[in-house]
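Numbering of the sequence shown is given in this note's numbering, commencing with residue 237 and proceeding in unit increments.
Backbone N, C-alpha and C fix where the C-beta goes; we use that ideal spot for every residue, glycine too.
Shown next, in structure tokens, is the structure this report addresses.
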Amino acid sequence: MITKEIPFFNLEQIAESGQCFRWFKLGENRYRIIAFGKYIEVSQCGTMVMFDCSQKDFDNIWYNYFDLGTDYESIIKAVDENDKFLYKAVSVASGIRILNQELWEMIISFVISQNNNIPRIKKSIEAVCRGIGKQLEKDIYCFPSYEELKAADKSAIIGAGLGYRDEYIWGLCEKCTKEMLLNESKGMGYEATLKYYMSFKGIGKKVANCICLFGLHQLDACPIDTWMQKIIDEEYNGVIPAWMTGEFAGVYQQYAFYYKRYIEGKM
Numbered sequence: 237m238i239t240k241e242i243p244f245f246n247l248e249q250i251a252e253s254g255q256c257f258r259w260f261k262l263g264e265n266r267y268r269i270i271a272f273g274k275y276i277e278v279s280q281c282g283t284m285v286m287f288d289c290s291q292k293d294f295d296n297i298w299y300n301y302f303d304l305g306t307d308y309e310s311i312i313k314a315v316d317e318n319d320k321f322l323y324k325a326v327s328v329a330s331g332i333r334i335l336n337q338e339l340w341e342m343i344i345s346f347v348i349s350q351n352n353n354i355p356r357i358k359k360s361i362e363a364v365c366r367g368i369g370k371q372l373e374k375d376i377y378c379f380p381s382y383e384e385l386k387a388a389d390k391s392a393i394i395g396a397g398l399g400y401r402d403e404y405i406w407g408l409c410e411k412c413t414k415e416m417l418l419n420e421s422k423g424m425g426y427e428a429t430l431k432y433y434m435s436f437k438g439i440g441k442k443v444a445n446c447i448c449l450f451g452l453h454q455l456d457a458c459p460i461d462t463w464m465q466k467i468i469d470e471e472y473n474g475v476i477p478a479w480m481t482g483e484f485a486g487v488y489q490q491y492a493f494y495y496k497r498y499i500e501g502k503m
């Protein structure tokens with residue numbers, strides 16, 4: 237068991253932020269998380285966070301996964317106090333961090349997320365994992381690799397209830413090499429990466445932005461979904477605020493996305 241005091245870290249806020257779909261709530265402030273072919277149970281009491289793993293796995297996997305090396309205090313302090321909405325959002329949702337997740341998992345997960353809601357996205361992804369992914373323990377399955385998904389029987393995908401999205405996933409597996417999907421974008425800036433992923437069938441601007449932010453940790457990416465458009469329209473009179481195009485747009489997007497749902501009772 238590894239115990240760390242971590243400011244600006246809240247398991248529940250991260251779990252509800254819309255960036256991760258394989259967090260399973262075990263109890264109050266306690267989650268099982270599956271990533272990188274491993275699983276971990278994490279709990280929290282105040283600023284103290286308990287990681288049920290070895291020191292080696294914490295150092296090699298989970299420290300980076302939870303983005304513990306990023307100075308979120310500085311990002312929060314950079315918020316303009318005159319921006320009343322974002323300032324309030326930060327005061328409520330400052331425990332969110334942008335996770336460093338596997339790029340392949342994020343590509344497929346956010347293709348599945350199109351015109352979908354979070355509970356249904358989670359259900360579909362879990363069905364894909366159980367149908368195709370490697371079993372770690374009873375009821376715990378890994379997200380399938382590119383090779384596993386490419387070799388899978390189509391019935392396993394169709395049975396996951398993805399609707400029209402299954403054709404996009406098959407298209408990515410059949411027409412694109414692993415190199416094209418996972419390595420070609422390395423070293424590209426945000427705008428180039430966005431354009432690159434939008435060139436694939438089934439990946440529009442919002443999904444490409446999610447891939448940039450959650451799969452490649454490009455913090456200047458800012459996915460605009462219906463909730464974010466609602467924020468632009470209702471909180472900024474239809475004008476895109478400066479923070480949505482800034483260096484930490486993706487972090488602020490997560491605070492705003494969480495806060496807007498929070499004040500409207502959608503959490």
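Nearest residue (CA-CA) to residue i, options the options
{"i": "ILE343", "options": "LEU262, GLY486, TYR433, GLU264", "result": "TYR433"}
{"i": "GLN454", "options": "PHE379, LYS390, TYR426", "result": "TYR426"}
{"i": "ALA396", "options": "ARG366, PHE436, GLY451", "result": "ARG366"}
{"i": "CYS335", "options": "ASN318, CYS256, GLU362", "result": "The residue asked about is misnamed: residue 335 is Leu in this sequence, not Cys. For LEU335, the nearest C-alpha among the options comes from CYS256."}
{"i": "LYS386", "options": "LYS292, ASN419, CYS412", "result": "CYS412"}
{"i": "GLU317", "options": "GLN489, MET503, TRP479", "result": "TRP479"}
{"i": "GLU470", "options": "THR481, THR306, LYS320, TRP298", "result": "LYS320"}
{"i": "TYR488", "options": "LEU247, ILE460, LEU452, CYS289", "result": "ILE460"}
{"i": "PHE302", "options": "GLY273, LYS313, LEU247, GLU264", "result": "LEU247"}
{"i": "LEU372", "options": "GLY438, ASN265, GLU410, ILE269", "result": "ILE269"}
Reduced DSSP secondary structure (H/G/I, E/B, other) of residue i
{"i": "LEU372", "result": "strand"}
{"i": "MET464", "result": "helix"}
{"i": "GLN350", "result": "coil"}
{"i": "GLN489", "result": "helix"}
{"i": "THR481", "result": "helix"}
{"i": "THR239", "result": "strand"}
{"i": "PHE321", "result": "helix"}
Anticipated Cβ contact below 8 Å, residue i with residue j, distance rounded
{"i": "LEU408", "j": "LEU417", "result": "7 Å"}
{"i": "PHE346", "j": "ILE447", "result": "6 Å"}
{"i": "ALA271", "j": "ALA492", "result": "The Cβ separation is near 25 Å, so there is no contact."}
{"i": "ILE468", "j": "GLY474", "result": "6 Å"}
{"i": "TYR377", "j": "LYS414", "result": "Not confirmed; about 21 Å, so no contact."}
{"i": "ILE242", "j": "LEU304", "result": "7 Å"}
{"i": "ALA251", "j": "TYR275", "result": "Actually they are not in contact, since the Cβ atoms of ALA251 and TYR275 sit about 15 Å apart, beyond 8 Å."}
C-beta contact flag for residue i and residue j at 7 Å
{"i": "MET284", "j": "MET237", "result": "no"}
{"i": "PHE244", "j": "SER330", "result": "yes"}
{"i": "SER253", "j": "ILE311", "result": "no"}
{"i": "VAL328", "j": "LEU322", "result": "no"}
{"i": "PHE450", "j": "GLN350", "result": "no"}
{"i": "ALA457", "j": "GLY486", "result": "yes"}
{"i": "ILE348", "j": "ILE357", "result": "yes"}
{"i": "PHE379", "j": "GLU341", "result": "yes"}
{"i": "TRP463", "j": "LYS496", "result": "yes"}
{"i": "GLU277", "j": "ASP288", "result": "yes"}
Classification of residue i by the beta-carbon crowding that lies within 10 angstroms, buried from 16 upward
{"i": "CYS281", "result": "exposed"}
{"i": "TYR404", "result": "buried"}
{"i": "GLN291", "result": "exposed"}
{"i": "GLN249", "result": "buried"}
{"i": "SER360", "result": "buried"}
{"i": "ASP507", "result": "It is not possible to answer for residue 507, since the shown part of the chain is limited to 237 through 503."}
{"i": "TYR400", "result": "exposed"}
{"i": "THR239", "result": "exposed"}
{"i": "THR481", "result": "exposed"}
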